[in-house]
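Undergrad: In my numbering, the protein residues as written are 8 to 368.
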Ligand code: PMP
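(1) List the endpoints of the continuous alpha helix (DSSP H) containing residue 360.
(2) Between residue 338 and the rest of its own chain, which residues show a CB-CB distance below 6 Å, the 5 nearest in sequence each way excluded?
(3) Mind checking whether the beta-carbon of residue 121 lies closer than 7 Å to any heavy atom of the ligand PMP?
(4) Based on DSSP bridge pairs, tell me the residues matched to residue 235.
(5) Our contact map puts residue 151 next to residue 182 with C-beta atoms below 8 Å; I'd like the distance itself, whole angstroms only.
(6) Since residue 199 and residue 98 are thought to touch, with beta carbons under 8 Å apart, how far apart are those beta carbons, to the nearest angstrom?
(7) Looking at residue 95 and residue 222, is the spacing between their C-beta atoms short of 8 Å?
(8) On the premise that residue 107 lies in contact with residue 159, defined as a C-beta separation below 8 Å, what is that separation, rounded to the nearest angstrom?
(9) Per DSSP, which one or two residues make a beta bridge with residue 312?
(10) Please determine, among 348, 305, 293, the residue with the shortest C-alpha to C-alpha distance to residue 143.
(11) Report buried or exposed for residue 41, applying the criterion of at least 16 other Cβ atoms within 10 angstroms of its Cβ.
(12) If you compare alpha carbons, which of 273, 56, 259, 155 is closest to residue 45?
(13) Following a CB-centred definition, is residue 195 positioned closer than 7 Å to any heavy atom of the ligand FMN?
(14) Closest to residue 51 by CA distance: which of 349, 102, 258 is it?
(15) Quick one: does the C-beta of residue 222 sit closer than 7 Å to a heavy atom of the ligand PMP?
(16) By DSSP, does residue 190 sit in helix, in strand, or in coil?
(17) What distance in whole Å lies between the Cβ atoms of residue 103 and residue 115, which are believed to be in contact at a cut-off of 8 Å?
(18) Secondary structure at residue 269, three-state DSSP: helix, strand or coil?
(19) Any C-beta of chain C sitting closer than 8 Å to the C-beta of residue 189?
(20) For residue 15, does the three-state DSSP call read helix, strand or coil?
(21) Where does residue 112 land, buried or exposed, given buried means 16+ other C-beta within 10 angstroms?
(22) Taking 7 Å as the cut-off, is the CB of residue 96 close to at least one heavy atom of the ligand PMP?
(23) Between 15, 8, 20, which lies nearest to residue 191 when the distance is taken from Cα to Cα?
(24) Is the beta carbon of residue 127 within less than 7 Å of some heavy atom of the ligand PMP?
(25) Determine the direct distance from the alpha carbon of residue 355 to that of residue 346, and round the result to whole angstroms.
(26) For the alpha helix (DSSP H) containing residue 77, name the first residue and the last one.
(27) Under 8 Å between the Cβ atoms of residue 236 and residue 89?
(28) Quick check on the burial criterion: 16 or more other C-beta atoms within 10 angstroms. Buried or exposed for residue 225?
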């Protein structure tokens, strides 16, 4: 039976012959002169082989990530494939470039949500249909369904940035059922470690048109190494892997990622995530008690979205105090809202003190 991915993928991608790196077809040898590398170089870091290209596809960390997903986050992750990418952002871009053609195709997003889905679509002239979240930021499944048949990809984000809420499992299943013959469903789980039981990765076995996006930038605290993962069925991954530029993960990043995915690294991540959740809950409760705060939205992430009852969203005020937050005022749905990442207890105490000092008149 033809997979949905094969039905959706444009002819150009179907006919693409994947780039063959010199490393991949090199075979065995003791003198390597096939990749235009230098045989010697200066030593700048831990590695002795910065002169050599890294793995064409870093299978070791891809396998370690699948095992982490299977053992720690639950679900039948081992039945699917993982692809290491240069941060979740590259994953988003790759999915759009693999399945959408400029000028012809469209994706669906549900704002307010992460801006990169629309940005990446725009960058190659792919249309974006916007089906806004409801007033309480829940997903409007009935409003999405009519657009499925004419859209290549539905992007969902759970927990969602910037609203912080999780999409209920039943809604994702309902959309997976409705999209079986027409649309890939991508669930961006960048913040999943803060709500691990809500992962939908186990649904890939039943719904091979589901793709899950992950990253080491958030709970793992490794934003600077630029490592993320796509988790998907082979039928989808076969095409996406054709498009990824070779050597996606630089050696120093692969080394750190490997350590982070070993037992010790995972324990440290879990400890850090638990501590962060407790700081978040304390901060959210304190902020909710301030007279000029209309609402602190419930969060399953490492940030909180705050709506003020003043005209101002307090972004400028906090900035003057040297506290840099994310102004959401550009989005009319988020007027008077600011998104604050949760930092250390000290940083959050200082932020709280600054808010308490806000002159009301
Ligand atoms: N998805 C979401 C929902 C995000 O909030 C972010 C980062 N802000 C990303 C993806 C990108 O993550 P990465 O650093 O892995 O590119």
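Positions of the beta carbon are idealized from the N, C-alpha and C atoms, including for glycine.
TA: Concretely, from the data shown:
(1) 352–363
(2) 119
(3) yes
(4) 92, 222
(5) 7 Å
(6) Not a contact, Cβ separation roughly 14 Å.
(7) yes
(8) 5 Å
(9) 346
(10) 305
(11) exposed
(12) 56
(13) The model depicted lacks the ligand FMN and carries the ligand PMP instead.
(14) 258
(15) yes
(16) coil
(17) About 12 Å; that fails the 8 Å criterion.
(18) coil
(19) This model lacks chain C altogether, as it is built from one protein chain only.
(20) helix
(21) buried
(22) yes
(23) 15
(24) no
(25) 13 Å
(26) 66–78
(27) yes
(28) buried
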